[in-house]
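In the working numbering, the protein residues as written are 33 to 487.
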Ligand SMILES: [Cu+2]
């Protein structure tokens, strides 16, 4: 972790007003730790205050605080950042303290916290503490509850955390642009009693999405639905950390949605229970078992399971969200024999590629030239070949012999003998199907118009 030291010795610290911090007050700001890397940073146990089990932020980190007169003081800096979306692609985003999403803020029910927000963006901003119970004037809505934080200014938010749960923070100023640029972070309030809702491993991430033209690095901020990078904590598969656990451990995954559509998050392997929502914890008797939980825009869900050994896919179940940048204005070619046409076009354009007369799996293997700073559409390689996924996809990796607190990628699962699907190699006396189905005069012959660029 690289620290930019912006810490000045407190000299004559006095009471800070609720509005912009004065020049004298700025001398007392807590250090604004920054992070340049997208690698997960294991948070240390809390150095002071009430104990809690830190959250593992997927490809992220937690913001250190300074304890001052029993108040936890944090310092967020809103600023332009560079985020590696996955190896091979970096994006120019806006975020906090060097990364998008910003660092996770972690505190404990009952804590009084003070968060300084310095604006190093080219325009005004504010921070809304999404889901946190607080005085209305601390809610961060520009114009409604506070003036905007002007460029170069620092604001101070202060409140007591009344309830534990999974929350988020994001701007409430030029929201469409600032969230499309990646400004968001997790805000975790741990229970006062560390035994309450205790799990062995606690992971968290935010669903976000970008529209970055292949070959460029800055998101188009006016896109409403047709995003081409579907990400978790501004990372796309295969750049998303695995969720590593030991067999039998109780694991919690917390997910917040700051995209503009819902995401049915599906986990293979063990069934899970939804144990937390936007409003807090679900009582034991009211929890519901699932293998997919749909997370609506602006919602947060926490779910828990008992880890079973294996490599279990976890992904958004909207199949376009497990792809990286792809064009949608491509006609479906399944069943269309266009080899002759392709041959003619190849004579004119040597790199022309025939797409998908047998489906699109071949795309995952193809070494096709792509613009710089662009991720292949379907990518990632597993022990059995191409995974053919991108975007919102990762793997829950559960192993029998992991030390507590070991989050290192353990590699691929070693399946017990006889438990892997394999080719049936015994002699087959006759083809299971004699002839391919043939269209006749009664088959509907419709060619749908392609493309929907009018969206
Ligand atoms: Cu999705």
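Ideal placement from N, C-alpha and C gives every residue a C-beta, glycine not left out.
- Beta-bridge partners of residue 299 (DSSP): 346.
- The shortest C-alpha to C-alpha distance from residue 330 to any of 163, 143, 157 is the one to 163.
- Spatial neighbours of residue 314 in its own chain (CB-CB distance under 7 Å, excluding positions within 5 residues in sequence) are listed in chain order as 306, 307, 308.
- Distances taken from the Cβ of residue 324 to the heavy atoms of ligand 1 include none shorter than 8 Å.
- Shown here, residue 134 sits in coil according to DSSP, grouped into three states, outside any helix or strand.
- For residue 234, the closest C-alpha among the options 240, 426, 287 is that of 287.
- If you draw a straight line from the Cα of residue 349 to the Cα of residue 355, it is about 11 Å long.
- In the three-state reduction of the DSSP assignment, residue 94 falls in the strand class.
- Of the heavy atoms belonging to ligand 1, at least one sits nearer than 8 Å to the Cβ of residue 296.
- Under the criterion of beta carbons closer than 8 Å, residue 133 and residue 127 qualify as touching, at roughly 6 Å.
- Contact fails between the region 173–183 and the region 242–256, because fewer than three Cβ pairs, one in each stretch, are under 8 Å apart.
- When rounded, the separation of the alpha-carbon atoms in residue 462 and residue 456 is 14 Å.
- A distance below 9 Å separates the beta carbons of residue 422 and residue 408.
- In terms of CA proximity to residue 185, 111 leads the group 160, 289, 111, 260.
- Taking each of 437, 97, 82 in turn and checking the Cα distance to residue 276, the smallest one comes out for 437.
- Looking at 129, 107, 204, the one whose alpha-carbon comes closest to that of residue 159 is 204.
- Beta-bridge pairing by DSSP links residue 146 to 105, 190.
- With a cutoff of 9 Å on beta-carbon distance, residue 148 and residue 61 are scored as near each other.
- For residue 212, the enclosing alpha helix (DSSP H) stretches over residues 207–212.
- Ligand 1 has no heavy atom closer than 8 Å to the beta-carbon of residue 263.
- A heavy atom of ligand 1 is found nearer than 8 Å to the CB of residue 424.
- In the three-state reduction of the DSSP assignment, residue 353 falls in the helix class.
- For the options 311, 154, 274, 212, the alpha carbon positioned closest to that of residue 344 is the one of 274.
- Secondary structure at residue 292: coil, using DSSP grouped into helix, strand and coil.
- The alpha-carbon of residue 161 is positioned some 15 Å away from that of residue 140.
- For the region 215–301, the continuous beta strand (DSSP E) assignments of 3+ residues that do not extend past its boundaries occur at 217–222, 233–242, 261–264, 275–278, 282–289, 295–299, in sequence order.
- Of all alpha-carbon atoms in 183, 460, 165, 172, the one lying nearest the alpha-carbon of residue 192 is that of 165.
- Looking at the DSSP output, residue 88 sits in a beta bridge with 235.
- The Cβ-Cβ distance between residue 339 and residue 117 does not fall below 9 Å.
- For residue 260 and residue 227, the gap between their C-alpha atoms comes out near 42 Å.
- In the DSSP assignment, residue 122 falls within the unbroken beta strand (DSSP E) covering 121–128.
- Cα atoms of residue 183 and residue 129: separation of roughly 16 Å, rounded to the nearest angstrom.
- For residue 160, the enclosing beta strand (DSSP E) starts and ends at 160–162.
- Remark: the shortest separation between the CB of residue 257 and any heavy atom of ligand 1 does not fall under 8 Å.
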